[in-house]
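Asker: Here it is: the structure, laid out below.
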Amino acid sequence: MNSDQIQGKWKQLRGKMKQAWGKLTDDELDQVEGKWDELSGLIQSRYGRKRDEVEDELKRFRAQYDDDDQARPMV
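Right, here's the structure in full:
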């Protein structure tokens, strides 16, 4: 999923992000809207986790939704 696709689906992904990282607020997710590096930093600070751990987790998160997009037939 490229950055344009991510920003287009941000509202859908926000709900999934809130499930995965419940300490993030709606305002914070609004501020980082589609910017994965900023989201990574926010998760690091909010959860006190290492950068590489968070980036690996975000890669898995993104891959999950990339796979979902590819699994859907194009109309």
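If you're matching positions, the sequence shown starts at 14 in our numbering and goes up one per residue.
Think of the CB as a built atom: it goes at the ideal place given N, C-alpha and C, for glycine as much as any other residue.
#1: From V45 to E51, what distance separates their C-alpha atoms?
#2: Just mark S53 as buried or exposed, buried being the case when its beta carbon has 16 or more other beta carbons within 10 Å.
#3: Considering only residues of the same chain and omitting the five flanking positions on each side of R59, which have a CB-CB separation below 6 Å?
#4: L42 by DSSP, collapsed to three states: which one?
#5: Between the Cα of D43 and the Cα atoms of A76, R75 and W23, which residue gives the shortest distance?
#6: Is K36 helix, strand or coil by DSSP?
Answerer: Answer, in terms of the structure:
#1: As a working note, residue 45 is residue 32 in the sequence shown. As a working note, residue 51 is residue 38 in the sequence shown. Spanning the two alpha carbons is a distance of roughly 6 Å.
#2: Here residue 53 is taken as the residue at index 40 of the sequence shown, counted from 1. Label assigned to S53: buried.
#3: The residue labelled residue 59 in the question sits at position 46 within the sequence shown. Excluding sequence neighbours, R59 sits near K36.
#4: Locating residue 42 in the sequence shown gives position 29, where the first residue counts as 1. It is helical.
#5: Locating residue 43 in the sequence shown gives position 30, where the first residue counts as 1. Out of A76, R75 and W23, W23 has the C-alpha closest to the C-alpha of D43.
#6: For the purposes of this step, residue 36 is taken as residue 23 along the sequence shown, with counting starting at 1. Coil, per DSSP.
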